[in-house]
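A short write-up of the structure that comes next.
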Amino acid sequence: MEELYFITGNKGKFKEAKDKLRCLNIELIQTKMEYPEIQASDLKEIALFGINFCSERLKSPFFLEDSGLFVEELNSFPGPYSRYVQDTIGNDGILKLLSGVKNRSAYFKSVVGLYKDGPHLFEGISRGTITNEIRGYEGFGYDPIFAPEENLKTFGEMTTTEKNAFSHRGKALEIMAKYLETGVE
Ligand code: IMP
Numbered sequence: 005m006e007e008l009y010f011i012t013g014n015k016g017k018f019k020e021a022k023d024k025l026r027c028l029n030i031e032l033i034q035t036k037m038e039y040p041e042i043q044a045s046d047l048k049e050i051a052l053f054g055i056n057f058c059s060e061r062l063k064s065p066f067f068l069e070d071s072g073l074f075v076e077e078l079n080s081f082p083g084p085y086s087r088y089v090q091d092t093i094g095n096d097g098i099l100k101l102l103s104g105v106k107n108r109s110a111y112f113k114s115v116v117g118l119y120k121d122g123p124h125l126f127e128g129i130s131r132g133t134i135t136n137e138i139r140g141y142e143g144f145g146y147d148p149i150f151a152p153e154e155n156l157k158t159f160g161e162m163t164t165t166e167k168n169a170f171s172h173r174g175k176a177l178e179i180m181a182k183y184l185e186t187g188v189e
């Protein structure tokens, strides 16, 4: 069975990838290799820098993933700064910033960067809304305050498999899985 490394320190992301890629005949291995996350407004640029950096250190096929939450009313904030904002003001802070705001549209974007005979990027977007309150205990990060447009539940109220069907990461991983199966981009 072929090995594929997922470079991430995020247990939630690894759980989702394991679930999404379970039909592929690969052994998915989590590795927490540190890589510089450059300051850039484009997730693709961040992911590409990461895969090029890691490809000099890891010789087996691997992927990493960069994602963010983009809130329309906040001019796409926090975007590439999503991790920092989650670690500082958190979900309560986002709800406070949107207190009394009618337009609650937001989207998550995920860029999966695969390194296998060279770099490949796969993108997934999940559109939805920021809820008025925290709902659910599943998942991680902004999951309890984001409901995808196809569903009334927040990601925080979904199982991993359910979230994968609607989520940015699920969509990007799906495209990567097709590429791994067929070799066609
Ligand atoms: P990074 O991709 O590890 O730089 O982090 C992006 C940050 O965005 C994470 O730390 C989370 O706070 C948030 N985030 C990314 N994807 C998700 C998701 O699927 N659910 C909830 N929060 C997410």
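In the working numbering, the protein residues as written are 5 to 189.
Virtual Cβ for every residue (Gly too), placed ideally from N, Cα, C.
- One thing to note: glycine 72 has its Cβ within 8 Å of the Cβ of lysine 113.
- A residue is called buried once 16 or more other Cβ atoms fall within 10 Å of its Cβ, and proline 40, having fewer, is exposed.
- The secondary-structure analysis by DSSP pairs serine 109 across a beta bridge with Thr133.
- Within the same chain, and ignoring the five residues on either side of methionine 37 in sequence, the residues whose Cβ sits closer than 7 Å to its Cβ are Ile11, Cys58, Arg61 and Leu62.
- Taking C-alpha positions only, asparagine 95 is separated from arginine 131 by approximately 18 Å.
- The Cβ atoms of proline 84 and isoleucine 129 do not sit closer than 8 Å to each other.
- Look at tyrosine 9 here: in three-state DSSP terms it is strand.
- Only buried fits valine 115, as 16 or more other CB atoms lie within 10 angstroms of its CB.
- Within a 10 Å sphere around the beta-carbon of glutamate 185 sit fewer than 16 other beta-carbons, which makes this residue exposed.
- By the Cβ criterion, the segment 22 to 34 is not in contact with the segment 92 to 111, since fewer than three pairs of Cβ atoms, one from each stretch, lie closer than 8 Å.
- For serine 86, the shortest separation between its Cβ and any heavy atom of the ligand IMP lies below 7 Å.
- Distances between the C-beta of aspartate 46 and the heavy atoms of the ligand IMP are all 7 Å or more.
- By DSSP's assignment, valine 115 forms a beta bridge with Asp70 and Glu127.
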